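A.B. asks: This is the structure, below, for whatever I ask next.
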Amino acid sequence: MQDKERESTYKEYLQVLKECSPYDFSEYSDNSIDRRIQKVMQDYNLDMGGLIHKTKTNPQFVEQVVEAITVNTTELFRDPEVWNYLRVKLLPGFKNRPKINIWHAGCSSGQEVYSLMVLLDHLNLLDRCEIFATDISKKALESAKTGQYRYSYNYGKYLENFKASFDEDKAPDFDKYFKADEANDTISVNPDFLKKVKFVKHDLVKGELPFYNRVDLLFCRNVLIYFNSNLQAKIVQRLHDRLFPGGSLILGSHETISGFLNTKFTKKGPVYTRSDAFHFKY
Ligand SMILES: C[S@@+](CC[C@H](N)C(=O)[O-])C[C@H]1O[C@@H](n2cnc3c(N)ncnc32)[C@H](O)[C@@H]1O
């Protein structure tokens with residue numbers, strides 16, 4: 002099959018998925034989405050007709066397709082320079098605020114959420130935070146809720162990045178936040194952290210949100226990159242509307258806001274601030 006022909010077949014499949022399930026991946030730009038659909042077909046030994054039939058008739062299978070299409074790569078303190086900026090420049094500005102609402106959109110298995118919690122606790126801000134973390138992937142959320150990660154994958158990198166993000170002053174006590182069990186290849190997040198986060202399944206493509214609050218800090222890192230520019234603009238507008246005026250949006254290192262929407266934010270370092278004329282005074 003020619004590339005163009007194959008591409009249009011996958012596009013047709015995404016259209017079927019959209020019509021018979023709650024999921025709409027038709028505006029995902031990821032070039033490898035067709036490869037991932039192809040892998041589903043191989044894994045389940047299906048041709049396109051079979052894939053469409055199973056998608057139409059088996060909701061559990063649809064969830065497997067969602068897991069196969071989404072990319073859950075994440076790690077503790079991913080992009081350490083961003084965490085360093087937040088710790089030094091942004092988070093101290095919250096010290097006189099009685100309440101801080103935080104939303105991690107596309108949180109994957111939770112490492113981003115727990116990275117922020119370490120910094121918040123280190124700065125004595127955690128007690129006043131309400132934290133929501135959402136993702137479309139049920140599997141990723143289940144992993145996030147356990148707060149258990151592979152020692153070999155996360156720990157070495159974690160320590161390296163952790164040190165890099167605390168080059169100027171004393172790093173917090175690592176053992177307070179993570180229990181490492183090298184023999185069983187596990188690190189476990191402090192159970193107090195687990196209790197503090199509300200992990201909820203949510204699809205950013207859909208308008209409705211699982212909570213009503215506006216937020217002061219909104220993380221949506223390395224998610225927009227999978228959407229085409231039209232969908233990116235729609236989502237950024239929604240994220241903007243969810244922020245308090247003066248609230249901060251943190252995107253992934255390779256993600257930017259362009260065009261008209263750019264006028265709705267001011268950017269400093271990695272942080273986009275909702276730049277309405279009226280700012281709440283805290
Ligand atoms: C590459 S991970 C990023 C994780 C984390 N934010 C980070 O930067 O380390 C992208 C996450 O976005 C989620 N995602 C993709 N499409 C989504 C959607 N429509 N709604 C919510 N989450 C979505 C995926 O399931 C995945 O967990």
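To convert a position in the sequence shown, counted from 1, into the numbering used here, add 1. All C-beta atoms, glycine included, are put in the ideal place defined by N, C-alpha and C. Only a predicted model underlies this, so the values are computations on that prediction, with no experimental measurement involved.
1. Which residue marks the beginning of the beta strand (DSSP E) containing tyrosine 227, and which one marks its end?
2. Below 8 angstroms, is the gap between the Cβ of glutamine 233 and the nearest heavy atom of ligand 1?
3. Go ahead and pull the three-state DSSP assignment for asparagine 263.
4. Does the beta-carbon of serine 153 have 16 or more other beta-carbons within 10 angstroms, so that it is buried, or is it exposed?
5. By DSSP, does histidine 54 sit in helix, in strand, or in coil?
6. If you count every other CB in all the chains shown that lies within 10 Å of the CB of arginine 222, and 16 or more means buried, which is it?
7. Taking the straight line between their C-alpha atoms, what separation do you get for leucine 219 and arginine 37?
8. Kindly indicate which three-state DSSP category lysine 269 falls into: helix, strand or coil?
9. Kindly confirm or deny that the region 108-128 and the region 139-151 touch, where touching means at least three C-beta pairs closer than 8 angstroms.
10. Please classify asparagine 102: does DSSP put it in a helix, a strand, or coil?
11. Can you tell me whether serine 109 is helix, strand or coil according to DSSP?
12. Could you name the residues of the same chain whose beta carbon sits closer than 6 angstroms to that of asparagine 229, not counting the 5 residues immediately before and after it, in chain order?
13. Out of curiosity, what's the CA-to-CA distance linking leucine 127 and aspartate 193?
14. Which residues bound the alpha helix (DSSP H) around glutamate 131?
15. Give me the DSSP bridge partner(s) of isoleucine 188.
16. List the whole-angstrom C-beta distance separating asparagine 59 from serine 138, where the pair is believed to meet the contact cut-off of C-beta under 8 angstroms.
17. What does DSSP give as the partner residues of leucine 218 in its beta bridges?
18. Please identify the residue among Ala141, Thr75, His241 and Val216 whose C-alpha is closest to the C-alpha of alanine 69.
19. Look at the alpha carbon of glutamine 61 and the alpha carbon of valine 67, and state the distance between them as a whole number of angstroms.
C.D. replies: Quick look at the numbers:
1. What you label residue 227 is simply residue 226 of the sequence shown in a count that begins at 1. DSSP places tyrosine 227 in no beta strand (DSSP E); its state is neither H nor E.
2. Taking the sequence shown and counting its residues from 1, the one referred to as residue 233 is at position 232. For ligand 1, not one heavy atom lies less than 8 angstroms from the Cβ of glutamine 233.
3. As a position in the sequence shown, residue 263 is number 262, starting the count at 1. Per DSSP, reduced to three states, the secondary structure at asparagine 263 is helical.
4. Position 152 of the sequence shown, counting from 1, holds the residue named residue 153. By the neighbour-count criterion, in which a residue is buried when 16 or more other Cβ atoms sit within 10 angstroms of its Cβ, serine 153 is exposed.
5. Position 53 of the sequence shown holds residue 54. Assignment of histidine 54 by DSSP, reduced to helix, strand and coil, places it in the helix class.
6. Within the sequence shown, the letter at position 221 stands for residue 222. A residue is called buried once 16 or more other Cβ atoms fall within 10 Å of its Cβ, and arginine 222 is buried on that count.
7. The residue given as residue 219 occupies position 218 in the sequence shown. The residue given as residue 37 occupies position 36 in the sequence shown. Those two C-alpha atoms are separated by around 29 angstroms.
8. Against the sequence shown, residue 269 aligns to sequence position 268. Correct three-state label for lysine 269: strand.
9. Judged by Cβ distances under 8 angstroms, the region 108-128 makes contact with the region 139-151, as three or more pairs qualify.
10. For the purposes of this step, residue 102 is taken as the residue at position 101 of the sequence shown. If DSSP states are grouped into helix, strand and coil, asparagine 102 belongs with the strands.
11. Locating residue 109 in the sequence shown gives position 108, where the first residue counts as 1. It is coil, neither helix nor strand.
12. Within the sequence shown, the letter at position 228 stands for residue 229. Excluding residues within five positions, the ones whose Cβ falls inside 6 angstroms are Glu28 and Ser30.
13. Walking along the sequence shown from the start, residue 127 turns up at place 126. Walking along the sequence shown from the start, residue 193 turns up at place 192. The straight-line gap from Cα to Cα measures roughly 11 angstroms.
14. The residue you call residue 131 lines up with position 130 of the sequence shown. Taken as a continuous stretch (DSSP letters only), glutamate 131 belongs to no alpha helix (DSSP H), being part of the beta strand (DSSP E) at 130-136.
15. By one-based count along the sequence shown, residue 188 stands at place 187. DSSP, once it has assigned bridges, lists Tyr150 and Ala181 as partnering isoleucine 188.
16. Along the sequence shown, one-based indexing puts residue 59 at 58. Along the sequence shown, one-based indexing puts residue 138 at 137. The beta-carbon separation of asparagine 59 and serine 138, rounded to 18 angstroms, does not stay under the 8 angstroms limit for a contact.
17. Residue 218 sits at position 217 when you count from the first residue of the sequence shown. Beta-bridge partners of leucine 218 (DSSP): Ile103 and Ser249.
18. Residue numbering aside, residue 69 sits at position 68 when the sequence shown is read from its first letter. Comparing alpha-carbon positions, the option among Ala141, Thr75, His241 and Val216 lying closest to alanine 69 turns out to be Ala141.
19. To locate residue 61, count along the sequence shown from 1; it is residue 60. To locate residue 67, count along the sequence shown from 1; it is residue 66. Cα to Cα, the separation comes out at about 10 angstroms.
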